[in-house]
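Only one structure is covered here, and it is reproduced in the block below.
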Amino acid sequence: MSDAGTLLEMQGIDKAFPGVQALSGVDFSLAAGEIHAIVGENGAGKSTLIKVLTGAEHRDAGRIELGGQEISARSPQHAESLGIATVYQEVNLCPNLSLAENVLIGRAPRRWGRIDWRTMNRRATEILLTLDIDVDVTQPLATYSVAIQQMAAIARALEIASVRVLILDEPTSSLDAHETEQLFGVMRKLRADGIAVVFITHFLEQVYVVADRITVLRHGRLVGTYPTASLPKYELVKKMLGRELTELDDVSRIRTVGGAVEVGTTRLVADDLGRTGSVEPFDIELRAGEVVGLAGLLGSGRTEVAALLFGIDRPDGGTLSVDGVPVKDHSPIGSIRRGVALCPEDRKAEGIVEDLTVRENLILAVQARRGWLRRLSRRQQEAIADDYIRRLDIATPSSEQPVRTLSGGNQQKVILARWLATDPEVLILDEPTRGIDIGAKAEVQRLVLELAEGGKSCLFISSELDEVLRTSDRIAVMRDREKVTEFAGDVDESSIMQVMAGGDGGE
Amino acid sequence: MASRRPLDLSRIGESKLLFPIVALVLILLFDLIFEPGFFAMETVDGHLFGNLIDIPRNGATIMLLALGMTLVIATGGIDLSVGAVMAISASVAAILIHPDLQPLTRDPNATATPLPIVLLVTLAVATLCGLWNGLLVAYGNIQPMVATLILMIAGRGIAQLLTEGVRVQIFYEPYAFLGNGWVILPVSLFVVAAVYLGAWFGTRRTSLGLFIESVGINSRASFYSGIGEKQVKLVAYMFCGFCAGMAGLVASSNIRTSDANNIGLDFELDAILAVVIGGTSLAGGRFSLMASLVGALVIQAITTSMYAAGVPANALLAIKGTVVIIVILVFSAQVRDWVRARTSARPAPT
Amino acid sequence: MITSLRARAVRYRRFAPLAATITLFCLAYAYGAVVYEGMRDPQVFLNLFRASPFLLISAIGMTFVILSGGIDLSVGGVVALTTVASAALLRSGGMDPWLVMALMIVMGAVFGVTMGFFITYLRVQPFIATLAGMWVARGLSFWISDDAIPIDSRLYTVLGQTKILIPGLADPVTKIGPFISIPVVTELVVLLVAIFVAQYTRFGRTVYAIGGNEQSARLMGLPVNRTKMLVYTINGLCSALAGIALSVDVSSGHGLYATGLELTAIGAVVIGGTLLTGGVGYVVGTLFGVLIIGVIQTLIQFNGQLSSWWTPIVVGALTLAFIGIQSALAARKARPTAGRRMPQPARLGDPTLQEDVP
């Protein structure tokens, strides 16, 4: 790390969105010539922090200083002119233009009023060579791998004079090991040139390979900034997932793990089920009256497992059987008919149908299962809707409200109700308590336990370890797209976190 | 808590029927003030005549098209080929009735094919055209505008080919009943009513309407909920084809000719405009068949009013263009956001 | 040797659609030349350019619009309006024909700017906005005159009737031989200018960028709004120019002219290898798209037995074929969604994704 002193200082940053405080009192500092990683689970605030820095969002409170001068970027373009450039995971370039043009468009060299392609191609080749990339710059961007496309995005960012801060947002998600090493090489080179590189990632091992310092965020707050060398991985995971003191701490578990539980029939069996590029082949069994928790860090493949079990994705290999019958048609409607339900993670994209009413959203899956001919009468629909509005305490003046007028937490409850209404034998819940208030979180967990008592089978996916621990009879742990192990019987948090971190608890 | 207030004034503001009805009323008011005698009606031979009857009668074809177009637009798509399908239907009917294309006798009772078969085959062909469009969009993943553009371009050629370029005059009287007959009211209105009732039953008495709206608003969430997006879209496009076929029958029966060049020309635009006036968003989602019908009446009312006011037929197009601009402004997202920010409910606190 | 050939093929892969179109044209023409003796006359080839200069000019303007990811349905209306307005202005005997032409071009630009404004700033779908434009334009032309107005202007006649003999092929003494007309020269000039603009100017490259990914183009700091307005303005201008070419050709103006021009122009652009979704394609491809349509018409004429309605059917079928191939290729290129990927960082400035993806 270079000793050039603090380059960027963010102090006391607050940012709120309707219904959620995304950042509160976050401090962040960057030194010139360092690679600084920002880590945190979903909801930590990493993305918002960067948006506030680059002007994509306006902060509610706090101060930002670059090179000693207070700045306030009005937009990402403005931030670029101030010397802060960002490269996103979805490379924001034009796939139809050539590599060279993507790097230089808007600043293309010209001769006699017309674009000088030869010079442009030459210049682009030179720039990429400084990043150790040697390719034909005349081909359309889309013909290149994501790795090269990212290099083009970085090259474009560097072409802007006086870049001092380069932010890389999840750059390695689509890269293989070799390409990742190449990227690290570029990052180290930039560091040597005195540029501060911000590295947002969920791949913890990578953080240890290349970052000088680590900033951990959790639920919109700063947990701390640490030199990498002084923070073993297990400690890092603990800080990322550290429990908050909540009123739920007193709630004791209704059922003891591995205790006198009458486990019923096996409902769902996945045998060596996997999908290339998504998740390694895994086995899992879900039994009646049991709650299985699925823990793992962001990107470990939990949602992919849910997608395979529910039929959103088709597996490449292995078998899936429900109630002993092997599954042939992998599709949501097929799963619903077999008595499997999935309450998905991303409620905006996969959950709510925003212009439909609460009632319509609620009965949607039930209606889909009945088919288009056997319509539930209005009275039946209202009965179901009222029932679940009451049971889940959904705050809405009436069931005829368009669901988009509800708060996020209540929307989540509506989606949950949608799936509960199908009376499934197997219920998969992916982050069901995200964005819900404390009281509602407790309710959801209690509901899960009730379902199990009633003989249902639950797969409870959550990044909140305490919730998983409180409700699950068995806990499976995912890491790096692979199911690593399963715990049954009494288990404590640290064991799980160790497995999530990488088993050996060291760096 | 979960109450339902039966008559909620703010709901009226949200109802899709408000805007088209207001527009229609405004136009009729304009007529009332500036065109005395506009509303005169008389009974001739037991038939009611008058501008008020003319508007729905002449607007029957657009109303039929608008019904089918509503469902397609509600799924987030569009069908540019309806005018061409009208022409194809007219041609099919013509060659079934007069395979010789230019029959020597002009016997009003002569037809090569019984009328029920003519109607059946024609509607089947039209529905097949809709199926073609639906397959391209739902299974071929081609953009609706692009997919239906094909049939729009090629369809007229096909229609011409079927009749070998001849404008076949149809002498079979029972056929002309569709577009010209009267049972107190013009028969074509009964046709519209029948199709509307069928559509209403098919979408609101089953859950098809809900599925269509869900797919139009958020197709991914609909997929997760188990709705078959492809089948839903297929049905919508097939129904649109059916309506276009019906409209083609009415139109050609009205003029007793199958004019492959001119039947339905530019009608797809009128249909789309009717649906837009009827409040269905071009992006898909909530729809109202009745509002689209009223929207079609609005368009026809403009035409009829202009004629009554003595505006030359061709200047009508400019007026229509202006109406579109006004409608655009009214429905433009910027304007809507401004209005919504003023009037809609805020998200309830958690 | 083989590997370097393969490497070359990969290098120039993006020219494949254009190559296909050119090949198709050559094959069709060759077929005609073999089968119909009359088609071997070089004048037939030249007539491909003479037959519809207004189509090529319109299609060139349309190419830019489609490249930017939009569409313009008003071109036929503006062309018709241009012919009628020119004829009306000239009829009163007063106005200088050059002035008339200049005015028409301004009018076309005004149409374009207006529609561009609706599309860019009011966020109206291009389909709807240009549809309205078409109605207004055609409506105005009928308002000016219900019937066709003949054009009686020496300049127009000269422009339309002058034969420019092809040196080397024609006999300069007898003045007989293969020839082209001034509108043809005009369309070729427009073509060359368009090719230059598309490949060598900032504006042209921004058009491509917008068509590729408008949001990225914005984030890259490109002047997206200005360029979109300009695209529609230029297209309006081209439509007016095409209208002038048409009125020079037929020496009259009528609101019924150029019906369906927009569809043919779009077909020409697509057949020329430009993706309807935007961002990919070459202006020169549109030239060949127009030429192919001309060849089809010529073949049908020479055949004599097929009715001329086969032309729109064949054009439609060709357009479908090209679109189908485009879609299939695009579907193959898109990587299969390997399960669910990482939750994407919310798009900048997307207010709907604010809540729980901080």
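Residue numbers (our numbering), protein chains in the order written: chain A, 62 to 568; chain B, 1058 to 1407; chain C, 11 to 368.
Using N, Cα and C, we set each Cβ at its ideal position, and we do this for glycine too.
Computed from a predicted structure; not experimentally measured.
Taking DSSP as the reference, what is the three-state secondary structure of residue i?
i, result
"residue 1099/B", "strand"
"residue 357/A", "strand"
"residue 491/A", "strand"
"residue 319/C", "coil"
"residue 379/A", "strand"
"residue 107/C", "helix"
"residue 519/A", "strand"
"residue 275/A", "strand"
"residue 224/C", "helix"
"residue 557/A", "helix"
"residue 173/A", "coil"
"residue 1257/B", "helix"
"residue 71/A", "strand"
"residue 486/A", "coil"
"residue 149/C", "helix"
"residue 131/A", "strand"
Whose C-beta lies closer than 6 Å to the C-beta of residue i among residues of the same chain, with five residues either side of it excluded?
i, result
"residue 447/A", "none"
"residue 127/A", "69"
"residue 1135/B", "1201, 1202"
"residue 391/A", "372, 375"
So residue i and residue j are in contact, right, with Cβ under 8 Å, and what is the actual spacing, rounded?
i, j, result
"residue 75/A", "residue 120/A", "7 Å"
"residue 191/C", "residue 170/C", "7 Å"
"residue 1275/B", "residue 414/A", "5 Å"
"residue 1331/B", "residue 1353/B", "4 Å"
"residue 302/A", "residue 558/A", "6 Å"
"residue 1291/B", "residue 1130/B", "Contact doesn't hold; Cβ gap of about 15 Å is too wide."
"residue 1277/B", "residue 410/A", "6 Å"
"residue 1375/B", "residue 146/C", "6 Å"
"residue 380/A", "residue 334/A", "7 Å"
Might you give, ordered along the chain, the residues of its own chain that have their beta carbon closer than 8 Å to the beta carbon of residue i, omitting 5 neighbours on each side?
i, result
"residue 217/C", "74, 77, 78, 208, 237, 241"
"residue 461/A", "418, 419, 420"
"residue 285/A", "276, 277, 300"
"residue 220/A", "164, 165, 168, 188"
In chain order, what residues of the same chain have a beta carbon less than 7 Å from the beta carbon of residue i, not counting five sequence neighbours either side?
i, result
"residue 1155/B", "1169, 1225, 1227"
"residue 50/C", "43"
"residue 327/A", "346, 348"
"residue 1416/B", "Only positions 1058 to 1407 of chain B appear in this structure, which leaves residue 1416/B out of reach."
"residue 1348/B", "1073, 1074, 1077, 1335, 1336"
Quiz item: Does the stretch 1088 to 1102 of chain B touch the stretch 1321 to 1328 of chain B, meaning 3 or more C-beta pairs lie closer than 8 Å?
Solution: no
Quiz item: Using a beta-carbon distance cut-off of less than 9 Å, what residues from the stretch 1280 to 1291 of chain B approach chain A?
Solution: 1280, 1281, 1282, 1283, 1284, 1285, 1288, 1289
Quiz item: Are the stretch 537 to 547 of chain A and the stretch 496 to 515 of chain A touching by the rule of at least three beta carbon pairs closer than 8 Å?
Solution: no
Quiz item: Does the stretch 300 to 315 of chain C come close enough to the stretch 1186 to 1198 of chain B that 3 or more CB-CB pairs lie under 8 Å?
Solution: no
Quiz item: At a cut of 8 Å, does the stretch 1285 to 1305 of chain B reach the stretch 1170 to 1189 of chain B through at least three beta carbon pairs?
Solution: yes
Quiz prompt | Near-chain A residues of the stretch 199 to 221 of chain C (beta-carbon distance less than 8 Å), N- to C-terminal order | solution = 206, 209, 210, 211, 212, 215, 216, 218, 219, 221
Exercise. Mind checking the stretch 1265 to 1280 of chain B against chain A and listing, in chain order, the residues whose C-beta falls within less than 8 Å of any C-beta there?
Key: 1265, 1267, 1268, 1270, 1271, 1274, 1275, 1277, 1278, 1279, 1280
Practice problem: Would you check if the stretch 1282 to 1289 of chain B and the stretch 1201 to 1217 of chain B touch, i.e. whether three or more CB-CB distances between them fall below 8 Å? | Solution: Fewer than three beta-carbon pairs drawn from the stretch 1201 to 1217 of chain B and the stretch 1282 to 1289 of chain B are found closer than 8 Å, and the two stretches are therefore not classed as touching.
Exercise. Can you give me, in chain order, the residues of the stretch 257 to 283 of chain C that have a beta carbon less than 9 Å from any beta carbon in chain A?
Key: none
Practice problem: Return the residues of the stretch 1247 to 1267 of chain B that lie within a Cβ-Cβ distance of less than 8 Å from chain A, sorted by chain order. | Solution: Under the 8 Å Cβ criterion, the stretch 1247 to 1267 of chain B contributes 1262, 1263, 1264, 1265, 1267.
Exercise. Scan the stretch 455 to 486 of chain A for residues whose Cβ lies nearer than 7 Å to a Cβ of chain C and list them as they occur along the chain.
Key: 469
Quiz item: For the stretch 222 to 251 of chain C, which residues have a beta carbon sitting closer than 8 Å to at least one beta carbon of chain A?
Solution: 222, 223, 225, 226, 227, 229, 230, 231, 232
Self-check item: Proximal residues, the stretch 152 to 165 of chain A versus chain C, C-beta separation under 7 Å
Solution: 153, 154, 155, 156, 157, 158, 162
Practice problem: Give the residues from the stretch 283 to 308 of chain C that approach chain A closer than 9 Å (Cβ to any Cβ), ordered along the chain. | Solution: 285, 288, 289, 290
Quiz item: Counting pairs of Cβ atoms below 8 Å between the stretch 171 to 190 of chain A and the stretch 135 to 147 of chain A, do you hit three or more?
Solution: no
Self-check item: Contacting positions in the stretch 162 to 194 of chain C - beta carbon closer than 8 Å to chain A
Solution: For the stretch 162 to 194 of chain C, which is checked against every Cβ of chain A, not one residue is closer than 8 Å.
Quiz item: Taking any Cβ of chain A, which residues in the stretch 1324 to 1344 of chain B have a Cβ under 7 Å from it, in chain order?
Solution: Closer than 7 Å at the C-beta level to chain A, one finds these residues of the stretch 1324 to 1344 of chain B: 1342, 1343.
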